[in-house]
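Enquirer: The structure that follows is given in the form of structure tokens.
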Amino acid sequence: MRPTDIRYIVVHCSATRASQSYSPEALERDHRARGFRSAGYHFYIRRSGAIIPLRPLEQIGAHARGYNRSSYGVCYEGGLDDTGHPADTRTAEQRTALRQLLEHLHALAPQATILGHRDLSPDRNGDGRITPDEWIKLCPCFDAQREYHDISISPISHATK
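Each residue of the sequence shown is one higher than the one before, counting from 86 in the working numbering.
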């Protein structure tokens with residue numbers, strides 16, 4: 086993939102409880118068990134803020150069906166509270182690392198829109214907006230479009246999928 090092919094930078098969560106660790110090795114193992122060649126994301130951000138490269142940016146990801154050829158995938162460790170309910174569990178270190186990584190990726194692909202996995206859900210009522218009742222998943226368990234609007238301003242357009 087070339088940076089000019091990238092239309093989206095998609096933020097994901099690993100759907101891991103805040104009280105549990107989920108190593109890059111476990112992520113890799115679980116993605117392989119689901120039939121992927123390797124972990125589907127380009128980057129993984131640990132609770133410590135460590136940014137782990139998983140797939141080269143030139144390689145198509147396996148993180149957002151229908152959008153993999155035109156997106157980079159970034160996943161943070163977490164996304165569930167201690168009881169297993171969806172929640173924004175990012176640590177301060179993850180927030181800092183995620184912003185820095187997104188700024189870097191957007192500099193490589195300035196035409197790309199930063200959004201959450203949930204924002205790629207189908208527009209079932211055809212009104213041009215993806216609303217919470219249309220989300221297939223809650224991932225990444227926070228509003229990535231709103232949080233990173235200062236990096237990525239252009240709105241998503243499903244008509245150009």
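We treat Cβ as the ideally placed atom computed from N, Cα and C, and that holds for glycine.
Roughly how many whole angstroms lie between the Cα atoms of D173 and K222?
Expert: D173 and K222 have their alpha carbons spaced roughly 14 angstroms apart.
Enquirer: Beta-carbon separation of Y161 and Q179 under 8 angstroms?
Expert: yes
Enquirer: I need the straight-line Cα distance from L142 to R231, nearest angstrom please.
Expert: 25 angstroms
Enquirer: Quick one: what does DSSP say H97 is sitting in, helix, strand or coil?
Expert: strand
Enquirer: Under the three-state reduction of DSSP, which class applies to L112: helix, strand or coil?
Expert: helix
Enquirer: By DSSP, does A244 sit in helix, in strand, or in coil?
Expert: Because the pLDDT of A244 is 35, which lies under 50, any placement of that residue in the model is unreliable, and the question is left without a value.
Enquirer: Is there a Cβ from chain E that is less than 8 angstroms from the Cβ of S108?
Expert: Absent from the structure is chain E; it holds one protein chain and no more.
Enquirer: Please list the terminal residues of the continuous alpha helix (DSSP H) segment that includes T181.
Expert: 177-193
Enquirer: For D204, does the count of other Cβ atoms within 10 angstroms reach 16, so buried, or fall short, so exposed?
Expert: buried
Enquirer: Could you tell me the boundaries of the alpha helix (DSSP H) in which R92 lies?
Expert: Premise fails: R92 is in no alpha helix (DSSP H) and is neither H nor E.
Enquirer: How is R209 classed by DSSP in three states: helix, strand or coil?
Expert: coil
Enquirer: Candidates T198, H170, A194: which alpha carbon is nearest C224's?
Expert: H170
Enquirer: Using C-beta distances below 7 angstroms, list every residue in its chain close to R209, excluding the 5 sequence neighbours before and after it, in chain order.
Expert: E219
Enquirer: Does DSSP put S155 in a helix, in a strand, or in coil?
Expert: helix
Enquirer: If you draw a straight line from the alpha carbon of S155 to that of I130, how long is it in whole angstroms?
Expert: 21 angstroms
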